[in-house]
Amino acid sequence: MQKKLTLLFLLFASVVYAQKKPLDHSVYDKWEAVGAKQFSNNGLWAAYVINQQEGDANLYFQNSATAQKIQVSRGTPPQLGFEVRSNSTLFSADSKFAAFAIKPWYKDTRLAKIKKKKPDEMTKDTLGIANLTTLAIIKIPRVKSFRFPENGAAILAYNLEKTPDTSKKVKPVTPTTEQKNDSEEDYFADDEPAGATAKEGTDLIVKNLTTGVERTYKFVSDYAFSKDGKQLVFACTGSKKDKTAPQGVFLLNTESGLLKSLVKGKGNFKNFTFDDESEHLAFLGETSPEKTEIKDFNVYYNSLTLDTAQILVDNDMPGMPAKFAVSGDGRVTFSKDGNRLFFGIAPIKKAKDTTLVDFENAKLDIWGYKDDYLQPMQLKNADREAKRSYLTTIDIYGTDPKIVPLTDAKLPDANLVNEGNAAFVLASTDYGNRIPSQWTGGSIRDYYLVDVKTGVRKKIIESLDGNASASPDGNYILYYDKKVKLWKTYQVATGKTYIITANMTAKFYDEENDVPDDPNSYGVAGWLEEDKAVLLYDRYDIWQFSPDGTSAKNLTNGFGRTNNITFRVERINPDAKFLTKKEVLWLDAFNNTTKENGFYRKALNDNKAPELVIMAPFKYSNLVKAKDADAILFDKGNYTISPDVYLSKDNLKTALKLSSTNPQQANYNWGTAELVKWTTPKGYKSEGILYKPENFDPTKKYPMLVYFYEKLSEGLYTYNAPAPTPSRLNIPFFVSNGYLVFAPDISYETGHPGKSAEEFINSGVESLKKNAWVDGTKIGIQGQSWGGYQVAHLITATDMYAAAWAGAPVVNMTSAYGGIRWESGMNRQFQYEKTQSRIGATLWEKPELYIENSPLFNLPKVKTPVVIMSNDADGAVPWYQGIEMFTGLKRLGKPVWLLNYNNEAHNLVQRQNRKDIQIREQQFFDYYLKGAKAPVWMTSGVSAVDKGRTWGFELTDDKP
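In the working numbering, the protein residues as written are 157 to 1116.
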């Protein structure tokens, strides 16, 4: 009877699988993914976004105490929908309202692009405002930015888009409940005149969502709330068509409605910032004539007791270096206590010589061997460098008003310490050490403490290969020294340096480092309050060190190393400066053996082992906690289960599922993911992921694709959505269509990356070929970038692969060595000597290794058909590397194709190109591994004459 039931079950399962269809290329656009997640401060409302790959997103609000739910079609959080503003949040501080963007319909945007409409003619975003008590939503069209204050009342400020140029003027609607100040009539006109310029500001509406009172201010270009929400500052540009229009800077008391004019007159005012107590305001401004190329910026200051803003710093201020001025590109920041202001200064720029005749002057780049940076890097960073400013400070209440420059061209970088309250800043420089970055990939730095009162510099760390940072209260400077692989601290009060990880058996640097450079550290978990201790990671556990090196404690009691679990602190309060003594930490946990993920908890004030919360065969997102409630949002999924959003109010003991993404997945033949292990010929233990079709039948033989890039097994439980990828293998698509996919981990031996690929990839494939269900004659390989290089190498070393696809491969390390990574402007030498390419020597020291690892020199051995993708705007790998491979194989009469996506990057960016390559990749592998018909692009190609008229996808009986 049991045998009959089992047979019936298998027959039923076979019928169910048979009814499921394979994925095709039409499914991508509507496939969903979890987007941003947020909580209201009180934890009563959770918000999350479900995005489509190409289509319209949905924003959901879920009441955590009831079943109430709001769905907003095309809704997105402010940072995704509108102009980005600091502290952007969906919710008002009192948790009673939410504000969000509503994007135009995707189909409408697409149609507008087809019609080549100008940006001003495109449909603009709509602002949505939800009342979380009544669940009512109001919509306001054509809004370009908005924000809530961080704290205080439910006041929303939003800036409208420029009014369309129509003959009919629309008068702003003012609620009858508003009590307008008499003085406001003098500041603001009612109508925006026609023909306003693009530089003119637009309407700013300030609305109290609780009372309904709103105010409209004209021609606003920038605005900012104080932290408590009681003050709103904004700049008005005025209008060329309306001489009565407001100009200057204004400060609104959002409680009383009182409006102050801080600066009267035309100018450019920006970078508004309030102090932490919301009592003081600073900003940048210039009132130079409009056509003046070089603007003279000043730093303005205002307090609640001042009626107007005062110029705090101008270019004649004592302490200003010769030929320097206040920078209009620098940040303005108050110290936490509000006593000090930090801003930027910069050398006065030279005005353009307008007498020069363009066509009579040469255009060239001059490369000099003494230059700190190569010309391509200089050109790439030219705009940033032109806007570089140098940190400077002023004691606002000092009796001797002067500015103190803290950085300059030779000491350009600095960070505030203790939120600006410390008596110093931590500055650093790589001046004099920049040229070697060409072959090291980074530069060593010197670190200084710079006195904020005097500008006096004290060098505390010399020639550090690494980064240093200050403790929260500024008592210590913490740094990892790569050369000696040790963590150190510098005590500010005594000037002493301590080696805090000396004489430790545990290693606090990468134990598995396989690049020819000193290993990086595992990182810092945080500091305890009052700088009493610092938390550092080893490979598995978290350690607590006294900053003077006198004590060390394994905070997780070695539980991680004993159980092969890696613990990392989950920062559920990202704004916290430090960890409190009684805090219970959330720990992100990864089981290195099973690849399962989850969370533990650990109290800082006890000696117990971490307490298990959950560990499961899923991939979890970061936890999002409500500010004032014990409510947590997260999403989880695995290869077979599409990630969904969950809400927990009991520390993850239970969780309510809020979303249901991709129900259509059940209609398709999906797949499974399993961990496989094998031993390489040299005896190394390795592992990888094997993906099988959902309808896998062990009595059948399957073609197999092998995809690789460094180590991938940690992603065993990662969900892979079917998508037109930037260039990597579309794993779920091929699995659904009857392929096995194998993703092996690779470890490397310095000097022999090619042979290392052979050692791990080929042995993994051979191990799987022992299974009767693997068709050993129908195996293909695919890799992108570093993986593309390994594809190119493997087909010169073995003929075990029936087809190969190499994306952006390097095939000639001798020519690529001196090339340029055009995306950054960096030279490629560092890549071979110190990082991923893993040669570990210069071309002149070990030319034989460069030749050994260059597939170009072994192309005559290739027997595998191969497609190369090499794009002419690749910013990482010189695209002529693909050309060298193609032309060499073409001359040798080998079956080879090259795809050059015009003006495309290293990894494809444009979605139409991503879709295109998916089709070609399927057609290529289907022909060689499944015996399908070949497409025209493979058999006869697409000529330059036919480019853009036909794409060669048609299948034919011809052979390539």
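A virtual CB, placed ideally from N, CA and C, is assigned to each residue, including glycine. Every value quoted in this text rests on a predicted model; they were computed, and no experiment measured them.
- prompt: In terms of residues, what are the limits of the alpha helix (DSSP H) holding TRP595?
  reply: 593-596
message: Across the stretch 957-968 and the stretch 630-644, are there enough close Cβ pairs to call them in contact, namely three or more that are closer than 8 Å?
response: Because the criterion of three Cβ pairs below 8 Å is not met, the stretch 957-968 and the stretch 630-644 do not touch.
field: N-terminal and C-terminal residue of the alpha helix (DSSP H) that PHE715 is part of
entry: Here the alpha helix (DSSP H) through PHE715 covers 715-719.
query: Pick from GLN1068, SER1026, ARG1105, VAL1022: whose alpha carbon is nearest that of TYR1084?
result: Taking only the C-alpha atoms, the option nearest TYR1084 is VAL1022.
task: Assign GLN466 to buried or exposed, taking buried as 16 or more other Cβ atoms, counted over all protein chains shown, within 10 Å of its Cβ.
output: exposed
- prompt: Considering only residues of the same chain and omitting the five flanking positions on each side of VAL240, which have a CB-CB separation below 7 Å?
  reply: Unreliable placement is indicated for VAL240, whose pLDDT of 39 sits below 50; the coordinate value is still reported in the next sentence. Excluding positions up to five away in sequence, the list is empty.
message: Within 8 Å, do at least three Cβ pairs link the stretch 523-538 to the stretch 552-564?
response: The stretch 552-564 vs the stretch 523-538: no contact.
- request: Decide if VAL140 is buried, meaning its Cβ has at least 16 other Cβ atoms within 10 Å, or exposed.
  value: The structure shown does not extend to residue 140, since the chain is modelled only from 157 to 1116, so the question has no answer here.
message: So the candidates are GLY394, LYS383, ARG984; which of them puts its Cα closest to the Cα of LYS355?
response: Selected option, being the one with the closest Cα: GLY394.
- prompt: What is the DSSP secondary structure of LYS1084, counted as helix, strand or coil?
  reply: Sequence check: residue 1084 is Tyr here, not Lys. TYR1084: helix per DSSP, three-state reduction.
message: In the DSSP assignment, the alpha helix (DSSP H) including PHE986 goes from what residue to what residue?
response: Secondary structure note for PHE986: its alpha helix (DSSP H) is the uninterrupted segment 985-989.
- prompt: What whole-angstrom Cβ distance do PRO1034 and GLY975 have, given they're in contact under 8 Å?
  reply: 4 Å
query: So is ALA626 buried or exposed if we call it buried at 16+ other beta carbons inside 10 Å?
result: The residue is buried, with at least 16 neighbouring Cβ atoms inside 10 Å.
message: I'd like to know whether the C-beta atoms of ILE504 and LYS479 end up nearer to each other than 8 Å.
response: yes
query: Looking only at C-alpha atoms, which of VAL1052, GLY1087, ASP1028, LYS1086 sits nearest to GLU1060?
result: Ranking the options by Cα distance to GLU1060, first place goes to ASP1028.
task: Put LYS526 into one of helix, strand or coil per three-state DSSP.
output: coil
task: With a 10 Å radius around its C-beta and 16 neighbouring C-beta atoms as the bar for buried, classify LYS160 as buried or exposed.
output: Confidence at LYS160 is low in this model, with a pLDDT of 45, below 50, so the placement of that residue should be treated as unreliable; the coordinate-derived value is given next. LYS160 comes out exposed.
message: So GLY882 and ARG1070 are supposed to be a Cβ contact under 8 Å. How far apart are they, rounded?
response: Position check: residue 882 holds Pro in this sequence, whereas Gly was assumed. Yes, they are in contact, since the Cβ atoms of PRO882 and ARG1070 sit about 6 Å apart, within 8 Å.
field: Rounded C-alpha distance that separates ASN720 from THR750
entry: 9 Å
- request: Rounded to whole angstroms, what's the CA-CA distance from MET476 to THR998? Just pull it up for me.
  value: 46 Å
task: Can you tell me which of the three DSSP states GLY963 falls into?
output: In the structure shown, GLY963 sits in a strand (DSSP, three-state: E or B).
message: Per DSSP, what are the beta-bridge partners of GLN387 in this structure?
response: ASN409
message: Can you confirm whether the stretch 818-827 touches the stretch 900-910 when touching is taken to mean that 3 or more C-beta pairs between the two stretches lie within less than 8 Å?
response: The stretch 900-910 makes no contact with the stretch 818-827, as fewer than three CB pairs between them are under 8 Å.
query: Is it right to say GLY588 is buried, meaning 16 or more other beta carbons lie within 10 angstroms of its own, or is it exposed?
result: Exposed: under 16 other Cβ atoms inside 10 Å.
task: Assign SER912 to one of three DSSP states: helix, strand, or coil.
output: Reduced to three states, the DSSP call for SER912 is helix.
field: Those residues which DSSP pairs with TRP683 across a bridge
entry: In the DSSP secondary-structure assignment, TRP683 is bridged to VAL690.
- request: Below 8 Å on the Cβ atoms is my guess for ASN577 versus SER483; work out the distance and round it to an integer in Å.
  value: Going by Cβ atoms, the distance from ASN577 to SER483 rounds to 24 Å, so no, they are not a contact pair.
- prompt: Are the Cβ atoms of ILE845 and SER815 separated by less than 8 Å?
  reply: One thing to note: ILE845 has its Cβ no nearer than 8 Å to the Cβ of SER815.
Stretch pair the stretch 227-234 + the stretch 828-835: three plus CB contacts closer than 8 Å: no
- request: Pull up the distance between the alpha-carbon of VAL801 and that of TYR204, whole angstroms please.
  value: 8 Å
field: Own chain partners of VAL966 with C-beta closer than 7 Å, once the 5 adjacent residues on each side are dropped
entry: TYR945, ALA972, VAL1033, GLN1037
message: For VAL228 and PHE247, what's the separation of their Cα atoms in angstroms?
response: 15 Å
query: Which residues does DSSP pair with MET1025 in a beta bridge?
result: GLY963, LEU1055
task: Specify whether the stretch 618-625 and the stretch 596-606 touch according to this definition: at least 3 beta carbon pairs, one from each stretch, less than 8 Å apart.
output: Result yes; three or more Cβ-Cβ pairs closer than 8 Å.
Neighbour-count burial assignment, ARG1105, 16 or more Cβ in a 10 Å radius: exposed
task: Could you tell me the distance, in whole angstroms, from the CA atom of ASP201 to the CA atom of SER677?
output: Note that residue 201 is Trp in the sequence shown, not Asp. Cα-Cα distance, rounded: 39 Å.
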